[in-house]
Amino acid sequence: MADALRVLAMDAVEQAKSGHPGMPMGMADIATVLFTQFLRFDPLAPDWPDRDRFVVSNGHGCMLLYGLLHLTGYPDMTLDELKRFRQLGSRTAGHPERGHASGIEVTTGPLGQGLGNSVGMALAERMLAAEFGEEAVDHRTYVFTGDGCLMEGISHEAASLAGHLGLSKLLVLYGDNSISIDGPTELAFSDDPLLRFRGYGWAAERIDGHDHQAIADAIRRARKSDRPSLIACRTTIAFGAPTKAGTAAAHGAPLGAAEIAGARERLGWSDPPFVIPEDLRAEWRAAGARGEGVRRAWEARLQSLPAERRAEFLRRHRNQLPPGLDEAFAKLCGDFRRANARIATRQASGTVLDTLAGVVPELAGGSADLTPSNNTKAKDQKDVRPGDFSGRYIRYGVREHGMAAAMNGIAAHRGLIPYGGTFLTFSDYARPAIRLSAFMGLGVIYVMTHDSIGLGEDGPTHQPVEHLAALRAMPGLYVYRPADAVETAECWALALQRRDAPSLLALTRQTLPLLRQGAASENLSAHGAYVLAEANGPRQITLLATGSEVSIAAAAQNALARDGTRAAVVSMPCWELFEKQSKEYRGGVLGSAPRVAVEAAVQFGWERWLGPRGAFIGMTGFGASAPVEALYPHFGITPERVAEAARSLL
Ligand SMILES: Cc1ncc(C[n+]2csc(CCOP(=O)(O)OP(=O)(O)O)c2C)c(N)n1
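Just so we're aligned, residue 5 is where the sequence shown starts under my numbering, counting upward by one.
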């Protein structure tokens, strides 16, 4: 059965003239034991909520996953798809992509990310089990990794968090073959992963990864452990290949006709490419059919839950929001207006969360050790703790990358809506995982405070200047920069409603005035940009701004009005949403008068809104360490400078 996986991998890679045969051939025995004896899955109900999760973190070895999905009977993974490996429009992309085929839990390829996702999946399982009971939620998370995943820094953050939380239903099978692309791993890697993981609080052991009995015994031991488990499986890369096995040559290139013929001979495999003997096919199908009974038994258990609990469970898994949100947001905005809330947008966000936590029980919050700064913990949220997963607030520790990857895992698992905080400048530390949120279309919410020089004394290491541009450049990510408390509530509403893409809220440390005084019946931020204050008569200038600089634009509008210049102020909390508006709407907002944009960040990207005659007031380099009151004048981001720039365009 393992050899069937091996030949499919080498044949598909050969046909595509590209790909990675080494890992699938090396880890085929481990996959066979896992899929035939342990993994709970049902190809006919691939999204069954209580299935075990299987993640191939070493995504270059994706032909192993495609072969498994095909042989066990996932209807959409046909033999044709395997033959079209790595071709345009196939389900069998060069690295596994969530959504391309059922059974692909997450997109992997950037090494270590899958391991990070798996921690979120295992954590979501425990949190949902604590809420709905083990009759409804009781599954495991299995992960394949290679040397590469363990060399990546994210493996430290992920494993350290999993060890701390004691996620004992997380089981990592490590293809320990001592080969990476440059050659033997000893060129660059002399860690002892077993010692490392034991240091994190994991159970760890090493076995022969080609010995089926040893693999099964180790998995059994791991399943009994009260800790997460690492099983280092000694394997030979490209097992079966006569001259390339055990060498880097087999990692990422087709083996070639002669080597494949030699491998067929060694494995005793006489069938031509892509042909699997019927008896083996039947055995694999039987392995695929194993899960149906378990799945049906689970359905019966779900059926026996009280109707209300069952409906709640299913609502969560369908990614549907609870009722009552519109009312909650209307009340929040009304309260902010009545209080004339002069507060930082991070503080407004905290107030929003205090309300939301009571209305949206699936919110799973957290921060990378900046809770008091990010204001991410709602009043009524309890901490998630080792052994007690009933809380809804996750202490991610100083692990931005691990947090973001875990949030992807939580969102991909379904049942919870993850949000997590850090400083905007440290979005760089989370960026690889943010990119995967966007890529997979996962509704993760990033709460990133201290969003400009406005944070003051911590200085330029902490003051983002290029981050907004970098984040706006990422396809599929919605970047929100609200200007006051009301816009903050509106942006939170939009982020929550968007369950098929990630959102990032860029929030201030410094206090801002309330700009949205008038009662509004609709969420104006939903347009991405809108006219906050129209000119008093035909427009001579349009002032564009986001976040904390909208109030600077508003002050500039007043200064201009004093000498008779008619300027309008446009708030642009979300460029991505504005781009989606009709041409007419955009034209109406931007107008035909010259434009001045103001944002305490670099200009990169603003060109598209400035038009042929525009000016930009913002940062041209890194910030400085000083109180906020000194920094804005020092960098020339003031109403006076904006007004001056406007006058020069008249
Ligand atoms: C973040 C990241 N860096 C680099 C790569 C390119 N890359 C793909 S596989 C690989 C080597 C991985 O070695 P190992 O995990 O031992 O894989 P195996 O040899 O077992 O196939 C590298 C550097 C990548 N996919 N992701």
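Every residue gets a Cβ at the ideal spot worked out from N, C-alpha and C, and that includes glycine.
As assigned by DSSP and simplified to three states, the class of residue i
| i | result |
| --- | --- |
| C578 | coil |
| M31 | helix |
| D212 | strand |
| R476 | helix |
| L367 | strand |
| D392 | strand |
| L547 | strand |
| M452 | strand |
| D221 | helix |
| P188 | strand |
| G458 | helix |
| D504 | coil |
| T355 | helix |
| L154 | helix |
| Y400 | coil |
| G558 | Here the sequence assigns Ala to residue 558, which means Gly is not the residue at that position. Reduced to three states, the DSSP call for A558 is helix. |
| V469 | coil |
| T96 | coil |
| E207 | The residue you asked about is not Glu; residue 207 is Ala in the sequence shown. Residue state, collapsed to three classes: strand. |
| L68 | helix |
| L360 | helix |
| I183 | strand |
| L516 | strand |
| I641 | coil |
| V17 | helix |
| A348 | strand |
The beta strand (DSSP E) enclosing residue i, as first and last residue numbers
| i | result |
| --- | --- |
| F427 | 421-427 |
| D84 | It is not in any beta strand (DSSP E) - D84 instead sits in the alpha helix (DSSP H) that spans 83-87. |
| F58 | 57-60 |
| A537 | 534-537 |
| S507 | 507-510 |
| V110 | It is not in any beta strand (DSSP E) - V110 carries neither H nor E in the DSSP assignment. |
| I264 | No beta strand (DSSP E) holds I264; the alpha helix (DSSP H) holding it covers 261-271. |
| I235 | 233-238 |
| G618 | 618-621 |
| A601 | 599-602 |
| V483 | 482-484 |
Member of the options whose CA lies at the smallest distance from the CA of residue i
| i | options | result |
| --- | --- | --- |
| R350 | G23, M452, G445 | M452 |
| A557 | A226, L519, I241 | L519 |
| T375 | V593, G107, H454, H531 | H454 |
| G2 | D195, A207, F193, P197 | Because the chain here runs from 5 to 654, residue 2 falls outside it and cannot be looked at. |
| G447 | T426, A408, G295, S586 | A408 |
| G618 | S596, L635, A416 | S596 |
| Q521 | A474, R346, G26, R10 | R346 |
| L48 | A473, L459, L75 | L75 |
| I264 | A134, Q19, L43, E161 | Q19 |
| A236 | D212, F243, A257 | D212 |
| D196 | I223, H216, A162, L154 | L154 |
| P422 | R403, P506, A474 | P506 |
| E364 | L500, T240, S159 | Strictly speaking, residue 364 in this sequence is Val, with Glu absent from that position. When only C-alpha atoms are compared, the closest one is L500. |
| A16 | S182, D221, G260 | G260 |
| C66 | A97, A290, G419 | A97 |
| G568 | P577, E138, Q544 | Q544 |
For residue i, the first and last residue of its enclosing alpha helix (DSSP H)
| i | result |
| --- | --- |
| T145 | Not the alpha helix (DSSP H): T145 falls in the beta strand (DSSP E), residues 145-149. |
| Y433 | 431-444 |
| F45 | Where F45 is concerned, there is no enclosing alpha helix (DSSP H), given that its DSSP letter is neither H nor E. |
| G203 | 197-203 |
| D180 | No alpha helix (DSSP H) contains D180, which is instead part of the beta strand (DSSP E) from 174-180. |
| Y636 | 632-638 |
| V141 | Segment: none, V141 is in no alpha helix (DSSP H) and carries neither H nor E. |
| K587 | 587-594 |
| M5 | Here M5 belongs to no alpha helix (DSSP H), and DSSP marks it neither H nor E. |
| E286 | With the sequence shown as reference, residue 286 is identified as Ala, and Glu is not the correct amino acid for it. Residues 282-293. |
| K691 | No answer is possible for residue 691: it lies beyond the span of the chain, which begins at 5 and ends at 654. |
Residue i beta carbon near ligand 2 (any heavy atom closer than 7 Å)
| i | result |
| --- | --- |
| C66 | No copy of ligand 2 appears in this structure; the ligands present are ligand 1. |
Practice item. Determine, using beta-carbon pairs with one atom in the region 358-366 and one in the region 375-395, whether at least three such pairs fall under 8 Å. Key: yes
Exercise for review: Report yes or no: do the region 537-555 and the region 593-602 share at least 3 C-beta pairs separated by less than 8 Å?
Suggested key: yes
Check your understanding: Taking three-plus beta-carbon pairs below 8 Å as touching, is the region 269-287 in contact with the region 188-208?
Key -> no
Point to revise | Touch test, the region 624-636 against the region 608-616, Cβ-Cβ under 8 Å, three pairs minimum | key: no
Review point. Does the count of Cβ pairs from the region 56-66 and the region 301-315 closer than 8 Å reach three?
Key: Result no; under three Cβ-Cβ pairs closer than 8 Å.
Point to revise | Three CB pairs or more closer than 8 Å across the region 523-534 and the region 487-507 | key: yes
Practice item. Indicate whether the contact test is met: 3 or more Cβ pairs, each with one atom in the region 325-332 and one in the region 456-476, closer than 8 Å. Key: no
**Study point:** Segment contact flag, the region 327-342 with the region 391-398, C-beta cutoff 8 Å, min 3 pairs
**Key:** no
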